[in-house]
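For what it's worth, the working numbering labels the leading residue of the sequence shown as 78, then goes sequentially. C-beta: ideal position from N, C-alpha, C; glycine also. Small disclaimer: the values here were computed from a predicted structure and weren't measured.
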Amino acid sequence: MADLLSSNKKGSVSKMRPALQLKLTTSEAFESEAFFKMIEETLRKEGPALVKKVNAVFAFNVTDGPNGKKEKWLIDVKNGNGSVRRGAQGRADTTFTMKDKDIVKLMKGTLQPQPAFFAGKLKVSGNMGIALKLQQIIPKVPQAKL
78 MADLLSSNKK GSVSKMRPAL QLKLTTSEAF ESEAFFKMIE ETLRKEGPAL
128 VKKVNAVFAF NVTDGPNGKK EKWLIDVKNG NGSVRRGAQG RADTTFTMKD
178 KDIVKLMKGT LQPQPAFFAG KLKVSGNMGI ALKLQQIIPK VPQAKL
């Protein structure tokens, strides 16, 4: 799968992960929704194995969405084949709180998790050991060679 290219305001070309290019149909759509759809697709393909390996429930409190909205996504990699639910209530082993735009930057690779955490852009509550397991469910997208 080749990366898609886009140009920024300064005219330079940057690589973007294909799943981050989802068409958002309304002004009410969160930019980070593509991130959760990527995880949902990974669970669809590898759910039972990941549930056995990860055995955790993650919550994402997304702030500063469209029109200042907040939303919660629950990523269950503990039960059944795993699932991703928007607006879901439930108990999580670990909860991440981030701005909508920062989740997108994290997925594009322009924001690294450790500096984001220390800068206060990524807040983590709950079991820190389980928080580290999140990387096991984030799909790897090959980088295109330019």
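Among 125, 139 and 140, which one has its Cα closest to the Cα of residue 133? Here residue 133 refers to the residue found at position 56 of the sequence shown. If we check each option's Cα against that of residue 133, 125 comes out closest.
According to DSSP, simplified to helix, strand and coil, what is residue 144? Taking the sequence shown and counting its residues from 1, one reaches residue 144 at position 67. In the three-state reduction of the DSSP assignment, residue 144 falls in the helix class.
Distance, Cα to Cα, residue 101 vs residue 110? One-based indexing of the sequence shown puts residue 101 at position 24. One-based indexing of the sequence shown puts residue 110 at position 33. Reliability fails at residue 101, whose pLDDT of 46 lies under 50, so the model's placement of it is uncertain and no value is given.
Cα-Cα, which of 171, 107, 120 and 195 is closest to residue 141? In the sequence shown, the residue the question calls residue 141 occupies position 64. When only C-alpha atoms are compared, the closest one is 107.
Beta-carbon within less than 8 Å of residue 99's beta-carbon, same chain only, minus the 5 sequence neighbours each way: which residues are those? Taking the first residue of the sequence shown as 1, we reach residue 99 at position 22. With a pLDDT of 46 at residue 99, under the threshold of 50, the modelled position of this residue cannot be trusted; read the value that follows with caution. Answer for residue 99: 110, 111 and 114, listed in chain order.
Who are residue 160's beta bridge partners in DSSP? Within the sequence shown, residue 160 is the residue found at index 83, counting from 1. The secondary-structure analysis by DSSP pairs residue 160 across a beta bridge with 153.
Within the same chain, show all residues whose beta-carbon is closer than 7 Å to that of residue 180, passing over the 5 residues directly before and after it, in chain order. Looking up residue 180 in the sequence shown gives position 103. 109, 112 and 139, listed in sequence order.
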